[in-house]
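If you read the sequence shown in the numbering used here, its first letter stands for residue 40, the second for the next number, and so on.
Okay, structure first, notes after.
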Amino acid sequence: MTSRIVITPRTENIAAELKRASEIGSEVFFTPGRYVLEKPIRLKSGMILRSSDPMQTRIVNKKDAVFLGWGVKNVIIEGLYFIGGSREHDRAALNFLNASNVSISNCLFKNAKAAAILFIRTERGYVVNSKFKANDMGVAALDDSEILIEDSEFSEHNDTGAVEISDKSRAIINSSDFLKNKTSIAIMKDSEVAISNSSFWENSESSIFITKSRVIIEDSKFKNNRSAVSLTDNGYIEIQRASFRNHSEKPAVEINNKSIAVLEDNEFINNETAIFVLNQGKAELIKNKIYDSFDVALGVTANSTCIVDSNEFMNNQSGIVVSKKSVVDIKNCRFSGHTEKAAIIVGDDSGVFLVE
Numbered sequence: 040m041t042s043r044i045v046i047t048p049r050t051e052n053i054a055a056e057l058k059r060a061s062e063i064g065s066e067v068f069f070t071p072g073r074y075v076l077e078k079p080i081r082l083k084s085g086m087i088l089r090s091s092d093p094m095q096t097r098i099v100n101k102k103d104a105v106f107l108g109w110g111v112k113n114v115i116i117e118g119l120y121f122i123g124g125s126r127e128h129d130r131a132a133l134n135f136l137n138a139s140n141v142s143i144s145n146c147l148f149k150n151a152k153a154a155a156i157l158f159i160r161t162e163r164g165y166v167v168n169s170k171f172k173a174n175d176m177g178v179a180a181l182d183d184s185e186i187l188i189e190d191s192e193f194s195e196h197n198d199t200g201a202v203e204i205s206d207k208s209r210a211i212i213n214s215s216d217f218l219k220n221k222t223s224i225a226i227m228k229d230s231e232v233a234i235s236n237s238s239f240w241e242n243s244e245s246s247i248f249i250t251k252s253r254v255i256i257e258d259s260k261f262k263n264n265r266s267a268v269s270l271t272d273n274g275y276i277e278i279q280r281a282s283f284r285n286h287s288e289k290p291a292v293e294i295n296n297k298s299i300a301v302l303e304d305n306e307f308i309n310n311e312t313a314i315f316v317l318n319q320g321k322a323e324l325i326k327n328k329i330y331d332s333f334d335v336a337l338g339v340t341a342n343s344t345c346i347v348d349s350n351e352f353m354n355n356q357s358g359i360v361v362s363k364k365s366v367v368d369i370k371n372c373r374f375s376g377h378t379e380k381a382a383i384i385v386g387d388d389s390g391v392f393l394v395e
């Protein structure tokens, strides 16, 4: 049975107790209370940090005080509430560099001045059943990191993104909620991300911003965001069985600048523009339902191409608008209820091919 070292708010030297725990292989147990850290504390491989009540076990990071997990393996952090953190971008409240097998669960993170959790060149970082609120950034995975985020909640992040995946990193994000962030997930620089069973509500910029990366989105919901998905700069995306509602300032899904998208079996309802393909973008739409767009259901422009197969367009102001040397291939589609403008509008040296 693993021994346990108990730390209380009265413990004078937490760093020394953590070092002692790592030397003897003990689990560290924080009792409920408020802990104030004045300087960074280094984590060791094999360390287990736990508490019985995450809402009542608060770790307050002052100035540059953070937990540093550099080169560590097999670390478990469970049930702690982290408040604050360093203003330095590379010093998150929990900071992992060249680490592996890091598990963070049932934790809360609030008011970090940079990121709440930062993974750099880290393999198998797990963030499960945790909440992030009003940090400059929630979780960042950079420089060939590999992470899983599951059953977690991100709200009120106003910097780069609640989650940032960049520099050839990989992530799986499952069953998580993103609410009232500026950008919920930013995916950049040759990264790969799979997102499923997640919800995105009331985000003030893009719920998901993607550049030069590959992304798969399945079984997720987007509602009342400024933009749901923005794909640019040779990005690639597949979206299946997702719902997009009430996007009024930007397109719900935008495919820009030589990017490629495959959208299948999705539902778009009451958006200003449901889907917009531009600047040599390419898209394939299969079995989507696009209803009640109060501008354009599908816009294709600026040397872009689109295959539209077995989709249903109903009660949009305009169904499909093609312009500026773009081409759309339409087959097996249904158009109804377009009373203000035409179901299909073609102009500017563009072409539409209708089959069946």
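The beta-carbon is built from N, C-alpha and C at its ideal position, and this holds for glycine as well.
These figures come from a predicted structure and were not determined experimentally.
Taking the beta strand (DSSP E) that residue i belongs to, which residues open and close that run?
i, result
"Lys260", "Lys260 to Lys262"
"Arg265", "It is not in any beta strand (DSSP E) - Arg265 carries neither H nor E in the DSSP assignment."
"Ala155", "Ala154 to Ile159"
"Cys345", "Thr344 to Asp348"
"Ser84", "It is not in any beta strand (DSSP E) - Ser84 carries neither H nor E in the DSSP assignment."
"Gly72", "Gly72 to Leu76"
"Lys326", "It is not in any beta strand (DSSP E) - Lys326 carries neither H nor E in the DSSP assignment."
"Lys3", "Nothing can be reported for residue 3, as the shown portion of the chain is limited to 40 through 395."
"Phe333", "Where Phe333 is concerned, there is no enclosing beta strand (DSSP E), given that its DSSP letter is neither H nor E."
"Arg253", "Arg253 to Glu257"
"Asn134", "Leu133 to Leu136"
"Glu244", "Per DSSP, Glu244 belongs to no beta strand (DSSP E) and is neither H nor E."
"Ser144", "Ser139 to Ser144"
"Gly177", "Met176 to Leu181"
"Arg401", "Nothing about residue 401 can be read from this structure; the chain reaches only from 40 to 395."
"Arg43", "Arg43 to Ile46"
Between the Cα of residue i and those of the options, spot the shortest distance and give me the residue it belongs to.
i, options, result
"Val335", "Glu303, Asn318 and Val385", "Val385"
"Glu311", "Ser349, Asn296 and Arg265", "Arg265"
"Glu379", "Val301, Ser332 and Arg130", "Ser332"
"Lys221", "Val75, Val366, Glu241 and Asp387", "Glu241"
"Ser184", "Ser191, Gly164 and Lys170", "Gly164"
"Trp109", "Leu147, Gly85, Leu88 and Phe135", "Phe135"
"Asn145", "Asp175, Glu66 and Gln95", "Gln95"
"Ser362", "Asp348, Ser375 and Val391", "Val391"
"Ala291", "Lys297, Phe283 and Ser298", "Phe283"
"Leu218", "Ile186, Ala155, Ile247 and Val254", "Ile247"
"Glu231", "Ile212, Ser243 and Phe121", "Ile212"
"Asp206", "Glu189, Ile44 and Ser252", "Ser252"
"Lys260", "Ile308, Ile299 and Val254", "Ile308"
"Lys228", "Lys326, Ile249 and Ile314", "Ile249"
"Leu324", "Val367, Asn168, Met353 and Ile46", "Val367"
"Lys297", "Gly320, Asn354, Lys262 and Asp175", "Gly320"
"Ile278", "Glu257, Val268, Asn295 and Ala267", "Glu257"
"Asp175", "Arg160, Thr161 and Glu195", "Glu195"
Where residue i and residue j are concerned, what is the direct C-alpha to C-alpha distance, given to the nearest angstrom?
i, j, result
"Glu351", "Ser287", "21 Å"
"Ile224", "Ala173", "15 Å"
"Ser238", "Ser91", "29 Å"
"Ala201", "Asn318", "28 Å"
"Lys289", "Asn236", "23 Å"
"Ala322", "Leu157", "34 Å"
"Asp216", "Lys78", "32 Å"
"Asn52", "Tyr74", "11 Å"
"Val316", "Leu302", "12 Å"
"Arg280", "Ile234", "12 Å"
"Val99", "Leu133", "12 Å"
"Leu270", "Ile226", "10 Å"
"Ala155", "Arg43", "27 Å"
"Lys370", "Lys364", "20 Å"
"Gly376", "Ser357", "10 Å"
"Glu293", "Lys328", "17 Å"
"Glu189", "Val166", "6 Å"
"Ser191", "Gly177", "11 Å"
"Asn150", "Gly124", "7 Å"
"Ile122", "Asn305", "39 Å"
"Leu88", "Phe193", "23 Å"
"Ser84", "Tyr120", "21 Å"
From which residue to which residue does the alpha helix (DSSP H) around residue i run?
i, result
"Glu62", "Ile53 to Ile63"
How would you label residue i, buried or exposed, when you count the other beta carbons within 10 angstroms and need 16 or more for buried?
i, result
"Arg49", "exposed"
"Leu393", "exposed"
"Lys152", "buried"
"Asp419", "Beyond the ends of the chain as shown, which are 40 and 395, falls residue 419; an answer cannot be given."
"Ala180", "buried"
"Gly64", "exposed"
"Glu62", "exposed"
"Thr47", "exposed"
"Arg59", "exposed"
"Val105", "buried"
"Arg130", "buried"
"Val339", "buried"
Alpha helix (DSSP H) runs contained entirely in the region 186-234, provided each spans 4 or more residues: none
Length at least 3, wholly inside the region 358-392: the beta strand (DSSP E) runs in chain order: 366-370, 373-375 and 383-385
3 or more residues per run - each beta strand (DSSP E) lying fully within the region 279-315: 282-284, 292-295, 299-303 and 306-308
Complete beta strand (DSSP E) runs within the region 92-120 (minimum length 3 residues, chain order): Here the runs fully enclosed are 96-100, 106-109 and 112-117.
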